[in-house]
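Novice:
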Amino acid sequence: MSDILTIAEHRQGELRDVSLELLTAGAELAEETGGDLHVAVISGDVDAYAEELDREGVDAIHTVAYGEEFNHDVYTQAVTQLVDSIGASYVLGANSVNGLDYLPAVATRLDVPLVTDVVGLETAGETLTATREMYGGKVETTVDVEETPAVVTIRGAEWPVAEGEGSAAVEAFEAEIDEDAIGSSVNGFEEVAGGDVDISEADLLVSVGRGIDEEENLELIEELAAALDATMSSSRPIVDAGWLPANRQVGQSGKVVTPDVYIAIGISGAVQHVAGMKGSDTIVAINTDPNAPIMDIADYAIHDDLFDVVPALIEQFS
Amino acid sequence: MKVLVPVKEVVTVDDAFEIDGTAIDERYLSADLNEWDDYAIEEAVQLQEDGVVDEVVTVTIGDEDTEQTIRQALAKGADRAIRVWDDALEEVDLLDVGAKVAILESVVEAEEPDLVLTGVQSGDDSFGATGVALAEAVGTQWAAVVNQLDLDNGADVASVHRELEGGMEELTDVDLPAVLSIQTGINEPRYASLRGIRMAQRKELDHQTLADLGVETEAVAGDLELTSMYEPESESDTTVFDGSADDTAGQLAELLREKGVAQ
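Chains as they are written, first to last, in the working numbering: chain A, 1 to 318; chain B, 1 to 263.
1) Helix or strand or just coil, what does DSSP make of threonine 238 of chain B?
2) Residues of the segment 213-227 of chain A with a CB closer than 9 Å to any CB of chain B: list them in chain order, please.
3) Thinking C-beta only, is isoleucine 41 of chain B closer than 8 Å to alanine 81 of chain B?
4) Where alanine 110 of chain B and threonine 58 of chain B are concerned, what is the direct C-alpha to C-alpha distance, given to the nearest angstrom?
5) How would you list, in chain order, the residues of chain B whose beta-carbon sits under 8 Å from the beta-carbon of arginine 109 of chain A?
6) According to DSSP, what are the bridge partners of glutamate 225 of chain B?
7) Are the CB atoms of tyrosine 102 of chain A and histidine 72 of chain A nearer to each other than 8 Å?
8) Can you tell me whether histidine 329 of chain A is buried or exposed? The criterion is at least 16 other CB atoms within 10 Å of its CB, across all chains shown.
9) Can you confirm whether leucine 171 of chain B, when its beta carbon is compared against all beta carbons of chain A, has any partner nearer than 8 Å?
10) Going by DSSP in three states, threonine 209 of chain B sits in which element: helix, strand or coil?
11) With respect to the alpha helix (DSSP H) encompassing threonine 130 of chain B, which residues constitute its N-terminal and C-terminal limits?
12) Can you find the residues in the same chain that come closer than 7 Å, C-beta to C-beta, to valine 170 of chain A, ignoring five residues on each side of it along the sequence?
13) Residues of chain A with CB under 8 Å from valine 101 of chain B, in chain order?
14) Start and end of the beta strand (DSSP E) containing proline 160 of chain A?
15) Valine 145 of chain A and alanine 157 of chain A look like a contact to me (Cβ under 8 Å); what is the Cβ gap, rounded to whole Å?
16) Threonine 116 of chain A versus chain B: which residues are under 7 Å apart at the beta carbon?
17) Going by CA-CA distance only, name the one from B:Glu49, B:Ser228, B:Ala200 and B:Asp15 that's closest to aspartate 152 of chain B.
18) Quick one: what's got a C-beta closer than 6 Å to leucine 267 of chain B's C-beta in the same chain, skipping five residues either side?
19) Quick one, are the C-beta atoms of tyrosine 300 of chain A and valine 274 of chain A less than 8 Å apart?
20) Helix, strand or coil: how does DSSP classify threonine 172 of chain B here?
21) Which residues share a DSSP beta bridge with glutamine 251 of chain B?
22) Identify every run of the beta strand (DSSP E) within the segment 53-126 of chain B, keeping only runs that are complete inside it and at least 3 residues long; order them along the chain.
23) Is there a Cβ from chain B that is less than 8 Å from the Cβ of threonine 80 of chain A?
24) Please check if any C-beta of chain B sits within less than 8 Å of the C-beta of alanine 301 of chain A.
25) Going by the beta-carbon positions, is the gap between lysine 100 of chain B and threonine 60 of chain B smaller than 8 Å?
26) Going by beta carbon distance, what residues of the same chain come within less than 8 Å of arginine 236 of chain A, once the five residues before and after it are set aside?
27) Taking any Cβ of chain B, which residues in the segment 133-156 of chain A have a Cβ under 9 Å from it, in chain order?
28) Could you please tell me which residues of the segment 183-198 of chain A, in chain order, have their CB closer than 8 Å to any CB of chain B?
29) Mind pulling the chain B residues with CB within less than 8 Å of phenylalanine 317 of chain A?
30) Kindly identify the DSSP beta-bridge partner or partners of histidine 161 of chain B.
31) Under the three-state reduction of DSSP, which class applies to threonine 217 of chain B: helix, strand or coil?
As structure tokens, this is what we get:
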């Protein structure tokens, strides 16, 4: 029997979806191990979060009322103490920017194994088998972890959010936070500049990725967007290179878009990009690589060189 | 101020490939400098050019073949490099976070840098955890996914922006010494100049074994066992447009008109 501890994540007063996805992953594991599912929520209005986290399958909710927003020092201290107090075998957290800002420290402090960015989990006896991707999603791997406790971060949107009302016991956990050990302070948040175009409002997005090779080749995509009366967006590398402003970036750290049609041109489909556009009604991918991860979610695909296809497409509309 | 930059040579995979057991057959692989580390090197070199940093040292876990990648970092402006390798590492299938940290921890202890700049993740195994785990192991502060770094000469605090999800950034002050994991886009990595490449040949590249660093062989065996590798099954029912570029463009044009998004 192995107990599971999941750690909820919230920002600016709202629980993030992954908190409820963690409950589903945690409940599945608890079912396999015959253990209990514990949930911890740290900082902010913990009682309100606890109410929202009380879903079917949750046995206990631990609230740690300390500070307002995420601080990795507080989270690291609270979670390591909770793991000891509960005797949890598996700690599940989000493979998010904040998850990766404290869970590796938790694993190191507890001197236990860490598996990140997990897309599948199962247990058999004392072995936890985690499924992960490698090489930008080109292959999947399974890794076995024989030791407990172990810390696992799960990728967002891989498990459904937990539904159904629960009847978990809510308990305040008195974590002993050593304030002298807090060496970082969060001073605020800033939204990335919006600019004049809101790509999340567009019906037709022509989106360009690394396959465009050179900045001057963007003219070709601009020409296509003009011919189609579409809005131009991009994947991360184009914005990183400074070829398009940040308000054009589709993805986890950019904007989430849901157009009628999304044309992905020279975009391989890294998970962070897919997170921002998979809600599009129709996805078209133009890419020479038939095995690119974008092909897994494309409704229509052209396995050809964008420098041949795009001019031909412009021709169709001029 | 001294900056240590862990630099990784990552494997990139051809579009078509075959899997051999729990690895991709070598014929389909090439080696490259990890993209995130390129930004970390650039950040360190820019701090040096601004007079904030005196020395930039890189450390790489890798066999002799990785020296070409290490020279790239030296050509971009790093002052010297450390390469860690020995037979025990040859045997390891998957060097997990704990194993990497065991090695890097000993290098940090020997070098005593004021700042460690890692890439957010590596393009091959994508653990995304080495920087934060290392900071905890050596008892310094840290910040993950940094896309802006402000550091003044002689300061004991670094002001960073952390890139959160959904176009949001967190503004955080971090006490030094610290480990920061650097996100792509924080700067524009330079190409190595010919002069830089020539100078890199003369810079120190120090090879260290686990024994040199005082790291036990067991410490790098890792907690994770890679048990299988396979191509993910595609769940999609994608319609593929076939034919010449004119043919496929014609089919796509028809689709866009059908959907009513283009005329």
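Backbone N, C-alpha and C define an ideal beta-carbon position, used for all residues, glycine too. Only a predicted model underlies this, so the values are computations on that prediction, with no experimental measurement involved.
Specialist: On the basis of the data shown:
1) coil
2) Ala227
3) No, they are not a contact pair.
4) If you draw a straight line from the Cα of alanine 110 of chain B to the Cα of threonine 58 of chain B, it is about 13 Å long.
5) Glu136
6) Per DSSP, A:Asp144.
7) Going by C-beta atoms, tyrosine 102 of chain A is nearer than 8 Å to histidine 72 of chain A.
8) In the structure as shown, chain A starts at 1 and stops at 318, and residue 329 of chain A therefore has no counterpart that could be examined.
9) Taking a beta-carbon distance threshold of 8 Å, leucine 171 of chain B counts as an interface residue toward chain A.
10) coil
11) Unbroken alpha helix (DSSP H) run through threonine 130 of chain B: 130-138.
12) Here the set comprises Ala50, Ile61 and Thr63.
13) Thr108
14) Unbroken run through proline 160 of chain A: none, as it is neither H nor E.
15) 23 Å between Cβ atoms; not a contact.
16) Phe127, Gly128 and Ala129
17) B:Glu49
18) The displayed coordinates of chain B run from 1 to 263. Any statement about residue 267 of chain B would go beyond what the structure contains.
19) For the pair tyrosine 300 of chain A and valine 274 of chain A, the CB atoms are not nearer than the 8 Å cut-off.
20) strand
21) According to DSSP, glutamine 251 of chain B bridges with nothing at all.
22) Entirely contained in the segment 53-126 of chain B, the beta strand (DSSP E) runs reaching 3 residues are, in chain order, 55-61, 80-84 and 115-119.
23) no
24) yes
25) no
26) Gln249, Gly251, Ser253, Gly254, Ala270, Gln272 and His273
27) Of all residues in the segment 133-156 of chain A, Glu133, Met134, Tyr135, Gly136, Gly137, Lys138, Val139, Glu140, Thr141, Thr142, Val143, Asp144, Val145, Glu146, Glu147, Ala150, Thr153 and Gly156 have a Cβ within less than 9 Å of some Cβ in chain B.
28) Gly183, Ser184, Ser185, Val186, Asn187, Gly188, Phe189, Glu190, Glu191 and Val192
29) Ala253, Ala262 and Gln263
30) B:Gln148 and B:Leu171
31) helix
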